[in-house]
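Data block below; observations after.
There are 2 protein chains.
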Amino acid sequence: MTSLREMAPDRLAELRRVGLSWRSSGQASLHGPLLRLAESLDRAFRLLATAGWDAEEERHPASLPAELLQRVHYLHSFPHQATFPVRLQPDEANLDEFRRGPVVDPDGHLVLTQLAPTRDVLTPAACHHLYAQHESSALDAPLYLTTRNTCFRNEPYYEPLRRQWSFTMREIVCLGSRSEAIGFLDRGRSTVDTLLKHLGLDVDWCVATDPFFRPLESPQYLMQRLEPTKHEAVYGGDLAIGSANLHHEHFGENYSISRAGEPAHSACLAFGIERWLFAVVDRYGVQPESWPDPASTMQQMVSATGGQWR
Amino acid sequence: MTSLREMAPDRLAELRRVGLSWRSSGQASLHGPLLRLAESLDRAFRLLATAGWDAEEERHPASLPAELLQRVHYLHSFPHQATFPVRLQPDEANLDEFRRGPVVDPDGHLVLTQLAPTRDVLTPAACHHLYAQHESSALDAPLYLTTRNTCFRNEPYYEPLRRQWSFTMREIVCLGSRSEAIGFLDRGRSTVDTLLKHLGLDVDWCVATDPFFRPLESPQYLMQRLEPTKHEAVYGGDLAIGSANLHHEHFGENYSISRAGEPAHSACLAFGIERWLFAVVDRYGVQPESWPDPASTMQQMVSATGGQWR
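Line order of the protein sequences matches chains W and P.
Numbering of the first sequence is given in our numbering, commencing with residue 1 and proceeding in unit increments.
Numbering of the second sequence is given in our numbering, commencing with residue 311 and proceeding in unit increments.
In structure tokens:
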């Protein structure tokens, strides 16, 4: 199973002091200063989405049908990362057997009995819902959307705020022509750079690939190597706090979304909220008074442009 | 497996027009007017929590350890409702077998191979995280908390906004003495009644019990029958949009939370956001201009009392 990467005890104690609770499952609870910072970050990204592209907000469920994810071969590419929501077979004999126990063994593992068939996968990336939602659309203008979700990724190890089994992802997506998708990413990256500069956070934009299972067997991985389509904003040398992704017609073709009669291109900007929390605390320390307020910063950026971003 | 209860096609078409997308898994996506209403409702409940009791907000993960839930025998009481997050055994042979397929069968069901042991249960009610979070606390004053989470409950059937596999629950919790817990519920119910009156929503407060598996074998169910501890705000004769619950020392004892040296009593107010959406649309129809704005309504209620609620 998975293990926890040791975080320096001093660092973990500091994060606790500003509102982190850490579960050995690889999940974080937030309250106090860290929760307020997380909310301010999300408001900043929503404002970026609205002021930049008038993107419409959507809220999607915690899971989505495997059949939809398989349109883009998700489970072939990332079977090691997926988490599935399962239920017990609902017949009374099976439920009674489960209840007879031990239910939970001495190691804390559930002792499950017969499972009901399941169709769903817990959200692996927030934007998957958006392509599925707009399946079979014929767009006569670029479509800009934004959504936030709790995402699940099984990993070999977990580390507070840096690498979690479940975490919060805000995304902004463009569906349009190739030039619209590229223009969206260019402007998005440049605005994110300005935001980061105002927040005092240094990042390097690096070419990256997704963590495919058996990458050399994956045409998508080979494509990512041939033509860089994923760039990550890397803080402190090793922590990707955001990414800018060009998908070409991958989602447009597989979800039958067209733009001016051709398969739509798509692109997304993704932000890992917990990792931004880590970066701010790493940069400014544990006095919340010294932290920047990302939502106010973004509001000032919008005001300074007189709303002329679009 | 579960089935869908038929909603009148006209009603479903109306809900779609104001921003509902409905998945056959029993889950809702929101955008446009319904999403804005959902956000306003949650702001109203947060304001109620803050203005009424200075309750601290916490944000918790999507799942919690079964071992924690078993302190209150949750899986004995509600095995039929639980959903578990599971992963494949991570060895390469097992992942290869899964990928060889079919991965998803013609009915849309996943064809899973060997599963890794799992410890977690997807959140069944938002407040469970709060008792676990404050385990072993010795309180010298009542503790008021609020949290929102996506909750999973497996049901025999699903119906849009009314009964969902996953849905959004906002809760306000009091941990304190018996009189503090009872006082919290009294004031909470009365404030919720005022809010409902201003919103033009009629409810009846009804005595209810939780949906125990084999209720007659459950001491907790028998206790709920002997002394009513759960009251539901029922809209339209059959839709519980909120509940007020007195837990006595149930959580205080099992999580070792004390108040003035005695096991703490607890109580919670719970709001099912999607059900409030249904009630507003049922009452006011599909012209969002005619809907009330719950956050403004609550803000006016707070202003009218001059902040003297506490």
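For every residue, glycine included, the Cβ atom is placed at its ideal position computed from N, Cα and C.
Test: residue i CB closer than 8 angstroms to a CB of chain W
i                      : result
residue 470 of chain P : no
residue 326 of chain P : no
residue 360 of chain P : no
residue 335 of chain P : yes
residue 564 of chain P : no
residue 634 of chain P : No answer is possible for residue 634 of chain P: it lies beyond the span of chain P, which begins at 311 and ends at 620.
residue 390 of chain P : yes
residue 397 of chain P : yes
residue 311 of chain P : Because residue 311 of chain P carries a pLDDT of 40, less than 50, the predicted location of this residue cannot be relied on, and no value is offered for it.
residue 345 of chain P : yes
residue 591 of chain P : no
Other residues of its chain near residue i: CB distance less than 8 angstroms, five sequence neighbours each side excluded
i                      : result
residue 408 of chain P : 398, 421, 422 and 423
residue 544 of chain P : 513, 514, 515, 516, 550 and 551
residue 2 of chain W   : For residue 2 of chain W, the pLDDT reaches just 45, beneath the cut-off of 50, and the residue's location in the model is therefore unreliable, although a value from the coordinates is still provided. Correct list, in chain order: 26, 154, 155, 156, 157, 158 and 165.
Boundaries of the alpha helix (DSSP H) in which residue i is found, first to last residue
i                      : result
residue 504 of chain P : 488 to 509
residue 421 of chain P : Premise fails: residue 421 of chain P is in no alpha helix (DSSP H) and is neither H nor E.
residue 367 of chain P : Here residue 367 of chain P belongs to no alpha helix (DSSP H); instead the beta strand (DSSP E) covers 366 to 369.
residue 545 of chain P : Note, residue 545 of chain P: premise wrong, no alpha helix (DSSP H); beta strand (DSSP E) at 540 to 545.
residue 471 of chain P : Taken as a continuous stretch (DSSP letters only), residue 471 of chain P belongs to no alpha helix (DSSP H), as it is neither H nor E.
residue 600 of chain P : First-last for residue 600 of chain P: undefined, no H or E at that position.
residue 379 of chain P : 376 to 380
residue 324 of chain P : 319 to 327
Which residues DSSP lists as bridging residue i, in chain order
i                      : result
residue 127 of chain W : DSSP, once it has assigned bridges, lists no residue as partnering residue 127 of chain W.
residue 272 of chain W : W/169
residue 337 of chain P : P/333
residue 572 of chain P : P/569
residue 462 of chain P : P/476
residue 448 of chain P : P/568
Residue-chain proximity (residue i, chain P), Cβ-Cβ < 8 angstroms
i                      : result
residue 61 of chain W  : yes
residue 83 of chain W  : yes
residue 232 of chain W : no
residue 108 of chain W : yes
residue 66 of chain W  : yes
residue 211 of chain W : no
residue 189 of chain W : no
residue 303 of chain W : no
residue 137 of chain W : no
residue 243 of chain W : no
residue 166 of chain W : yes
residue 192 of chain W : no
residue 150 of chain W : yes
Other residues of its chain near residue i: CB distance less than 6 angstroms, five sequence neighbours each side excluded
i                      : result
residue 342 of chain P : 329
residue 557 of chain P : 576
residue 353 of chain P : 605
residue 215 of chain W : 221
residue 564 of chain P : 381 and 382
residue 363 of chain P : 454
residue 108 of chain W : none
Cross-chain neighbours of residue i in chain W, by beta carbon under 9 angstroms
i                      : result
residue 351 of chain P : Here the premise fails: no neighbours, minimum Cβ distance about 13 angstroms.
residue 464 of chain P : 87, 88, 90 and 116
Own chain, CB closer than 7 angstroms to residue i, minus 5 neighbours either side, in chain order
i                      : result
residue 145 of chain W : 55, 56, 58, 130 and 173
residue 311 of chain W : No answer is possible for residue 311 of chain W: it lies beyond the span of chain W, which begins at 1 and ends at 310.
residue 350 of chain P : 603, 604 and 605
residue 95 of chain W  : 88
residue 415 of chain P : 421
residue 387 of chain P : 522, 523, 528 and 530
Chain-ordered chain P contacts of residue i [CB-CB under 7 angstroms]
i                      : result
residue 120 of chain W : 335
residue 99 of chain W  : 386 and 389
residue 220 of chain W : Going along chain P, no residue has its Cβ under 7 angstroms from residue 220 of chain W, so there is no contact; the nearest lies around 14 angstroms.
Chain-ordered neighbours of residue i on chain W, where CB pairs are closer than 8 angstroms
i                      : result
residue 444 of chain P : Simply none; closest approach about 10 angstroms.
residue 427 of chain P : 1, 107, 109 and 110
N- and C-terminal bounds of the beta strand (DSSP E) containing residue i
i                      : result
residue 551 of chain P : 549 to 558
residue 86 of chain W  : 84 to 86
residue 42 of chain W  : Not the beta strand (DSSP E): residue 42 of chain W falls in the alpha helix (DSSP H), residues 32 to 53.
residue 120 of chain W : 120 to 122
residue 514 of chain P : 513 to 517
7 angstroms Cβ cut-off: residues of chain W touching residue i
i                      : result
residue 366 of chain P : 31
Neighbouring residues, chain P, relative to residue i (Cβ below 9 angstroms)
i                      : result
residue 129 of chain W : 339
residue 21 of chain W  : 368, 370 and 443
Closer than 8 angstroms at the beta carbon, the chain P residues around residue i
i                      : result
residue 146 of chain W : Residues of chain P passing the Cβ test: none, with the nearest at roughly 10 angstroms.
residue 95 of chain W  : 389, 390 and 523
residue 103 of chain W : 376, 380, 385 and 386
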